[in-house]
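Peer 1: The structure's right below; bear with me while I get my questions together.
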Amino acid sequence: MTDMIRKAENWVMQLFEGDSTGHDWYHTDRVRKNALKIAEEEGADPFICELAALLHDAGDDKFHPSEEEGRNFVLNWLSQQDLSMKRVHQVMSVMDTVSFKGGHNSPPASLEGMVVQDADRLDAIGAIGVARCFMFAGHKGDAMYLPSEQPREDMTKEEYRLGASTAINHFYEKLLTLSSQMKTSTGREMAQRRHAYLEHFLEQFYEEWEGLR
Numbered sequence: 001m002t003d004m005i006r007k008a009e010n011w012v013m014q015l016f017e018g019d020s021t022g023h024d025w026y027h028t029d030r031v032r033k034n035a036l037k038i039a040e041e042e043g044a045d046p047f048i049c050e051l052a053a054l055l056h057d058a059g060d061d062k063f064h065p066s067e068e069e070g071r072n073f074v075l076n077w078l079s080q081q082d083l084s085m086k087r088v089h090q091v092m093s094v095m096d097t098v099s100f101k102g103g104h105n106s107p108p109a110s111l112e113g114m115v116v117q118d119a120d121r122l123d124a125i126g127a128i129g130v131a132r133c134f135m136f137a138g139h140k141g142d143a144m145y146l147p148s149e150q151p152r153e154d155m156t157k158e159e160y161r162l163g164a165s166t167a168i169n170h171f172y173e174k175l176l177t178l179s180s181q182m183k184t185s186t187g188r189e190m191a192q193r194r195h196a197y198l199e200h201f202l203e204q205f206y207e208e209w210e211g212l213r
């Protein structure tokens, strides 16, 4: 199994080399570390959690023409590896429910799915989450903050993915909602401190924006 993990690491490193969206190898590695920590606490299968965490962005429709093409991209790679079909389906099932998709994705169907979803969402909050938020906004060409622009509500998956927003509005559209959506007790505990950091950041941001601090 160690050889399989090494192959996945090398493949993902190549896929996301030079990434400027906040979904680089280091993001993947942090998600893997979060997943292994949560899996140990929750009693989930560590191999499935680690492999799915490593591959979780490889098929994301942010990087493919469609969800189906992204899914097939990863499935084709997994099918060429020395893995049983049971393992392949377990990993694909986890990956199918990781992405946020504006809150429209299906809930995880297994403990391993809950673990990896929590692990990925933890990297979207806290200090690193703030850094990644502004990085992704810059990549999309979105503004940092426009006081006249209100956060979007009740978006479709397409509106969430393709519509214009601002980095600060993304806090309200996604980041601040994540701690309450954690599926595992370990994930919820880890999210508390990171969520508090988001709130503190926004408080200081608005005060500096108005010249009050």
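Counting from 1, position 19 in the sequence shown corresponds to residue 19 in UniProt numbering; the numbering is continuous, with no gaps.
Every residue gets a Cβ at the ideal spot worked out from N, C-alpha and C, and that includes glycine.
If you're wondering where the values come from, they're calculated on a predicted model, not measured in any experiment.
Once DSSP output is grouped into helix, strand and coil, what is the label at valine 177?
Peer 2: The amino acid occupying residue 177 in the given sequence is threonine; valine does not appear at that position. Residue state, collapsed to three classes: helix.
Peer 1: Examine the Cβ distances between the segment 114-133 and the segment 70-89 and report whether three or more of them are shorter than 8 Å.
Peer 2: The segment 114-133, when compared against the segment 70-89, does not touch it at the 8 Å Cβ threshold.
Peer 1: Report the three-state DSSP secondary structure of alanine 44 (helix, strand or coil).
Peer 2: Here alanine 44 sits in coil by DSSP.
Peer 1: Is the Cβ-Cβ distance between phenylalanine 134 and alanine 164 less than 7 Å?
Peer 2: Their beta carbons are not under 7 Å apart, which means phenylalanine 134 does not touch alanine 164 by this criterion.
Peer 1: Could you tell me the distance, in whole angstroms, from the CA atom of glutamate 68 to the CA atom of aspartate 61?
Peer 2: If you take the alpha carbons of glutamate 68 and aspartate 61, they lie about 8 Å apart.
Peer 1: Figure out for me which residue from Ala131, Thr156, Thr186, Tyr206 has the closest Cα to the Cα of serine 20.
Peer 2: Measuring from the Cα of serine 20, the nearest candidate turns out to be Ala131.
Peer 1: So which of Glu173, Gly22, Gly141 has the shortest CA-CA distance to threonine 156?
Peer 2: Measuring from the Cα of threonine 156, the nearest candidate turns out to be Glu173.
Peer 1: Do you know offhand how far serine 106's Cα is from aspartate 120's?
Peer 2: One C-alpha to the other measures close to 15 Å.
Peer 1: Based on DSSP bridge pairs, tell me the residues matched to threonine 166.
Peer 2: Beta-bridge pairing links threonine 166 to Ala143.
Peer 1: Less than 7 Å between the beta carbons of methionine 95 and alanine 52, yes or no?
Peer 2: Yes.
Peer 1: Nearest by alpha-carbon distance to phenylalanine 47: which of Phe16, Pro65, His64, Leu111 is it?
Peer 2: The shortest C-alpha separation from phenylalanine 47 is found at Leu111.
Peer 1: Report the rounded CA-to-CA distance for methionine 13 versus histidine 27, giving the unit in angstroms.
Peer 2: Their Cα atoms are separated by approximately 11 Å.
Peer 1: How about arginine 71 and glutamate 50: do their beta carbons lie closer than 7 Å?
Peer 2: Their beta carbons are not under 7 Å apart, which means arginine 71 does not touch glutamate 50 by this criterion.
Peer 1: Whole angstroms is fine: what's the gap from methionine 4's alpha carbon to tryptophan 77's?
Peer 2: Between methionine 4 and tryptophan 77, the C-alpha separation is close to 12 Å.
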